[in-house]
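Structure record follows, encoded as structure tokens.
Residue numbers (our numbering), protein chains in the order written: chain G, 101 to 396; chain Y, 101 to 396; chain H, 101 to 396; chain Z, 101 to 396; chain A, 101 to 396; chain C, 101 to 396.
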């Protein structure tokens with residue numbers, strides 16, 4: 101579950117973006133005392149993620165709106181499933197609808213795609229993890245969605261773990277320095293709680309990287325054969341992560357090579373928003389239409 | 101082009117998210133005086149959008165980094181095209197890389213998808229427009245991406261135009277009130293500069309909506325035949341917008357019915373990030389490796 | 101009614117401005133357990149606006165303070181009217197007093213002035229609208245005040261409608277381009293939900309502007325005769341807005357020319373704060389004076 | 101001069117309010133390369149205040165715009181005076197115009213009104229000071245405007261000086277406590293750098309207030325005779341401030357009573373925005389009209 | 101007591117700093133339904149300050165956590181004293197623990213040190229005051245801590261009182277101007293509610309400073325003899341403040357010279373955090389360990 | 101080096117705190133065109149930290165002020181050393197002085213204390229690390245100061261590494277669960293890049309914690325003998341961290357036991373601000389004193 105202060109910050113910003121000075125339509129057409137009931141309905145199967153975020157959209161627009169969750173984050177659902185029920189002032193429900201949907205649709209889209217990858221590697225020991233290829237501003241929500249889909253998270257940001265990629269290795273070994281020595285010296289400069297992950301492009305780099313003390317070795321764009329060879333060569337001395345060329349078609353075979361971790365950028369950079377709808381039933385609170393006063 | 105203050109706000113937030121207390125890897129492995137040159141390269145064809153946003157990521161990390169745009173927003177490109185060149189301190193380039201790419205990839209993905217819809221309706225009078233189904237926090241960028249792809253924008257938010265949908269109409273006509281009268285009364289309450297768009301589900305609603313003074317009538321989920329009938333019935337008295345069931349397969353036929361506007365949620369809610377890469381060539385500024393001091 | 105998040109933002113900023121590190125006087129002189137009752141009293145007649153904003157000042161300083169509204173926004177009142185009653189901890193009431201008054205006085209001043217303009221055109225079909233000449237930072241409140249006074253709002257900002265003024269027309273027709281053609285081309289570039297208002301200085305511009313498809317035509321600084329001629333010439337093909345030289349002395353005659361809209365900058369740029377006072381009755385919660393501890 | 105960070109904060113907020121997602125008109129109608137020159141012209145006489153604030157509006161919209169001040173804050177001017185010249189990209193000038201004007205008009209309105217009060221008391225020893233009845237959010241600018249008009253500032257906020265008014269005195273003396281003793285005890289609780297101002301309604305309170313050690317005594321709503329008596333009674337032992345019933349008609353007589361300070365709420369709560377205009381001369385940068393691409 | 105909005109701002113920022121995307125340990129190891137009781141215990145004697153701030157840390161992490169204060173700000177305590185009891189969800193208690201402790205430890209450290217200075221001067225008329233040598237961002241809390249320790253506050257910031265130090269005096273008298281005249285002229289430019297404090301380094305400056313109208317005279321780094329001479333010379337015509345060379349060893353003698361105020365930078369710039377601990381007793385809410393789902 | 105955006109944020113907040121509406125003294129007493137040169141001088145020996153932060157205070161107050169660093173972060177210095185030279189407008193230098201000093205004094209105090217601990221363990225393999233007992237709001241600066249003093253950082257926050265303390269272990273083993281199993285299961289839930297540190301109070305916990313896969317084992321409050329036994333028992337299978345009871349008197353002996361890491365809360369929670377001064381030489385830019393206009 102994402103921190104409630106983080107959720108409120110993201111949803112408030114989204115509401116400010118979508119209704120910077122109110123909802124002209126509701127204020128013009130909907131009586132102030134009209135109430136409504138609405139249901140969050142699945143128009144395609146998927147995995148729920150972000151029900152708290154969805155609820156926050158309504159609560160932040162009007163604290164009188166009550167959102168009752170009928171499913172929990174991580175729950176799979178079928179077409180037609182009713183995932184939540186919303187009740188309260190009609191104006192606020194209509195104002196918050198789009199922001200609530202936009203967020204829960206994206207998160208559930210990520211969760212559903214993640215679940216397909218996770219299912220594809222079931223039975224192997226491999227875990228499916230996300231990358232930093234997330235939507236700017238929504239990383240915490242998308243990381244939660246990956247977890248809700250059964251995946252795991254990779255490092256959260258540039259600040260909390262080290263990943264030495266080809267560019268970094270090129271610098272480390274500039275001037276002919278020995279890679280293992282260079283990594284050991286780098287390790288000496290790191291905080292003792294920092295994880296050192298090193299990306300390799302070729303099998304012949306493994307010995308140096310192991311000698312340098314990598315905690316995780318990422319095998320980038322390796323063939324299945326090379327992945328297998330790599331796993332055997334590393335032999336448990338580091339976590340093995342496969343990356344590159346991962347799709348729903350290839351992930352099972354990659355998992356079968358014995359890697360520990362498979363990182364999949366597509367989980368967040370290319371997930372489609374899931375089709376969830378809000379079916380609203382409005383019941384005017386009084387016989388009177390909107391008061392004849394002016395609207396903003 | 102998006103306002104520079106808005107760009108800086110979004111990119112700063114994205115950098116804070118991705119490097120909340122610095123880039124542990126660069127600071128551990130890359131000498132402070134190393135410089136680099138990098139190229140933004142297309143790994144698939146598409147349409148460029150967000151080159152200013154991409155550049156801002158590097159500038160905001162380190163003002164000494166220079167980004168030279170080799171293509172302009174809206175330019176189509178092929179695989180292998182070099183879209184920009186980045187030069188400056190290596191640490192900053194590596195730190196900003198992911199945020200810059202995440203944004204330009206998403207925007208170019210939206211622009212490329214939009215361009216396909218726009219091409220599909222070429223020759224018709226229909227314009228392709230976006231919806232409010234945008235990524236929370238990134239609406240201004242995604243709207244620009246739609247324009248860069250040759251599309252147009254719909255209303256920006258709940259605050260700047262009125263869209264009366266089925267729920268609103270139900271309330272307006274509660275208690276048997278006449279729809280045309282109700283709309284005319286609503287119009288009286290609106291600012292004179294506000295646009296009144298009304299969504300209809302059935303052809304038999306058209307007369308009342310026209311009599312009520314709608315500026316735009318949205319025909320929601322209409323068959324091609326009904327769209328044609330609707331266009332003829334409206335006969336230029338309002339803008340006609342088609343919505344629902346729009347895909348690359350169907351959009352040309354929809355445009356051929358004579359509608360003025362086709363709104364496509366998929367432009368933003370389901371566009372895939374385009375595959376753009378940053379190829380970095382680092383040249384260490386000195387022979388010396390990273391100073392043996394501690395890293396954060 | 102203004103959005104509650106917007107109200108809280110404005111009032112919080114005002115409190116931070118007026119009491120950046122507390123209320124030295126209250127903390128020095130008023131016992132912590134003293135309570136008070138206070139009444140918002142009209143010292144001159146007017147129209148109430150901003151009662152929610154007034155109440156927010158007290159609630160945000162101390163949630164235990166209760167504000168009971170005795171009149172509603174839009175209500176006219178006479179000298180001596182009691183508009184609200186405030187009850188709770190005396191310190192908080194005295195701390196919030198000035199901010200609450202400053203806001204409700206300004207808003208009610210705008211509402212009262214607006215009401216005088218609206219009354220002056222009663223019986224005509226003209227609506228009185230505001231302009232963008234509002235107090236920076238308070239536009240949403242001042243627009244509400246205009247509505248509370250019986251007026252209507254014009255566009256809210258540069259972002260939500262188009263107003264082509266003389267400067268813009270000069271550019272559009274630079275190089276001898278035809279105005280009607282230029283406007284039609286501009287219309288093609290606009291979102292379909294955007295309203296196109298064009299300002300004209302002379303009657304001979306009307307044909308081109310009508311041919312260009314203006315939704316609203318603003319007749320700027322026209323004589324009464326020319327306004328009448330303009331209204332007849334436009335003949336319902338566009339909304340007609342009069343602007344310039346509008347005062348309480350002239351507005352009735354302007355309305356009588358048949359224009360639809362009269363925009364009045366004075367509503368917000370020159371309204372006087374209304375004289376409302378807060379009469380406080382403090383009842384110390386205990387016999388004891390302020391504890392002899394130090395004050396900040 | 102107001103702090104530049106404060107100016108930038110206020111102007112940025114005002115621009116965000118007035119152009120939340122760009123200037124639809126400029127972007128639709130003005131070519132990107134058009135440049136313009138504009139002059140800030142006085143349409144009525146007054147006193148300039150806020151020329152830096154005016155300039156900031158243009159600089160923050162587009163740093164390429166140059167604003168040349170032709171008069172300084174505090175300078176009086178006549179009708180027709182050219183107070184500043186603005187040059188640069190036409191779009192930015194037109195976008196910033198309203199915000200720049202709104203602020204400089206208000207500030208100059210305050211300065212001009214202040215100057216009239218100051219002139220009315222010329223020759224007396226009295227200083228004209230403002231109150232906390234300022235526009236929420238703009239206090240720092242309005243206080244500067246008062247100084248630019250030749251006035252002085254009172255305390256800035258509830259946090260930086262003590263003003264004991266009738267409500268506070270009532271509490272201090274609840275239960276029959278002696279006022280002089282109560283004030284001396286309060287003084288003991290105050291920081292030694294805090295100023296103690298006490299408001300009195302009757303002459304017979306003066307002895308106790310003086311004995312209590314007030315730094316300033318405010319004579320609230322006193323007749324001219326009573327003011328004179330008060331000044332003589334206080335005899336230099338405290339600063340004497342007159343308040344209440346101050347207008348341009350009465351202020352000279354009040355000053356003649358010998359008071360040191362006259363506080364005038366009207367300086368800020370009821371000053372009219374001064375009529376300043378921006379005369380724009382646009383020169384298109386090229387023959388080409390706006391590119392046929394879409395506008396936001 | 102510090103303003104609740106200020107407390108919430110500081111504590112929220114501290115929580116964001118300490119748990120930017122949640123508490124990885126609690127979320128991995130502590131069941132969501134586990135509850136806990138914890139006690140804030142003194143591990144050394146001291147003076148309590150910041151109990152509201154401590155409580156806010158828990159409330160802002162999880163509103164269900166209840167903090168019961170067992171002592172009040174300003175209360176002295178011995179080793180082993182239980183100062184507060186915390187009860188609620190275990191995860192939130194463990195997440196907020198460090199932030200709550202960091203703040204209350206620092207504030208109580210300041211209060212305890214202040215109390216020692218105050219005790220050292222007991223019986224003299226001197227008050228112990230703080231300086232602007234506070235921790236950036238925490239000034240309001242540290243000023244409260246000084247008050248809780250029995251001290252008083254000096255001016256709060258550069259904005260709310262004038263302190264003319266040697267550098268300022270050098271400028272004022274540049275070109276041979278007379279100091280008394282210069283100060284009187286400066287006084288004329290100041291708001292009448294501003295306090296004028298002047299720092300002197302030598303006894304021979306006193307006459308000019310008194311003639312210039314200083315409200316407080318700071319005797320900087322004076323010997324005890326010179327302090328005594330200064331106090332006698334000033335003879336009640338200004339507040340006398342001693343500064344420089346103040347320690348627990350010297351403060352009593354300084355107070356005995358008859359000065360009114362002794363300012364002590366060490367109160368805030370060098371106070372040690374007091375050793376307070378949170379003893380937690382967790383009681384798992386269920387038999388079940390953490391659910392086997394993934395952690396962030 | 102700390103990120104420049106982070107530095108600017110912290111320093112801007114500090115300036116806003118210390119000069120919320122300008123520097124009353126400078127504006128009253130210092131001519132606008134006076135310039136000054138000032139030197140940052142060490143009044144006691146130490147280690148420099150935060151020279152960029154110091155410089156930012158002046159730059160953010162007035163960009164015309166130039167700060168020339170004469171020493172670098174991490175440099176040790178003696179009494180009297182000139183560490184930086186500041187030149188520019190006198191008003192801005194005097195306004196920024198306190199904020200600049202407050203920050204560099206605290207950071208250098210932390211660096212100097214850290215350097216003493218580091219020196220005390222020289223020759224051993226132990227690294228001195230900080231804890232989360234930092235000043236709220238200043239963690240990034242204090243962590244830099246620790247590095248500048250030759251120390252290393254521990255985890256940065258609750259979000260970026262796991263530390264299972266006694267409370268967590270109690271829950272993990274509630275109901276008699278086996279600790280090793282519980283830790284292995286927890287490890288399975290963690291991101292693969294997260295570091296697992298476990299705190300133990302007794303030697304008999306070591307086997308289970310090692311079997312559970314801890315990356316670091318913290319020996320809390322162990323005797324020297326037990327530390328030695330612990331190091332031998334762990335035998336390189338995990339990083340060994342000593343904590344508790346660490347002082348300058350004991351740290352060398354602790355290091356001699358062979359532990360890898362010694363965490364010292366005192367580095368940040370109890371470091372004294374170092375005595376650095378700013379010696380200002382003002383040279384008035386003109387003969388004229390401050391203009392006789394009013395000050396704020």
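Backbone N, C-alpha and C fix where the C-beta goes; we use that ideal spot for every residue, glycine too. Please read all numbers here as calculations on a predicted model, not as lab measurements.
DSSP three-state assignment for residue i, whether helix, strand or coil
| i | result |
| --- | --- |
| residue 387(H) | With a pLDDT of 47 at residue 387(H), under the threshold of 50, the modelled position of that residue is not reliable, and the figure given next carries that caveat. DSSP places residue 387(H) in coil when its eight states are reduced to three. |
| residue 268(A) | helix |
| residue 375(C) | coil |
| residue 353(A) | helix |
| residue 276(A) | helix |
| residue 156(G) | helix |
| residue 327(Z) | helix |
| residue 166(Z) | strand |
| residue 320(C) | strand |
| residue 104(Z) | helix |
Option nearest residue i by Cα separation, candidates the options
| i | options | result |
| --- | --- | --- |
| residue 154(G) | 250(G), 296(G), 206(G) | 206(G) |
| residue 122(Y) | 106(C), 135(C), 113(C) | 106(C) |
| residue 208(C) | 223(C), 185(C), 171(C) | 171(C) |
| residue 104(C) | 120(Y), 179(Y), 297(Y), 360(Y) | 120(Y) |
Beta-carbon proximity check, residue i vs residue j, cutoff 9 angstroms
| i | j | result |
| --- | --- | --- |
| residue 365(C) | residue 231(C) | yes |
| residue 111(H) | residue 238(H) | no |
| residue 311(Z) | residue 283(Z) | yes |
| residue 254(G) | residue 229(G) | yes |
| residue 308(A) | residue 278(A) | yes |
The segment 376-384 of chain Z touching the segment 131-147 of chain Z, judged by at least three CB pairs closer than 8 angstroms: yes
Interfacial residues, the segment 281-306 of chain Y to chain H, with Cβ spacing under 8 angstroms: 291, 292, 293, 294, 295, 297
Meets three-Cβ-pair contact criterion under 8 angstroms: the segment 178-198 of chain H and the segment 150-169 of chain H: yes
The segment 354-365 of chain Y contacting the segment 347-363 of chain G, beta-carbon criterion three pairs below 8 angstroms: no
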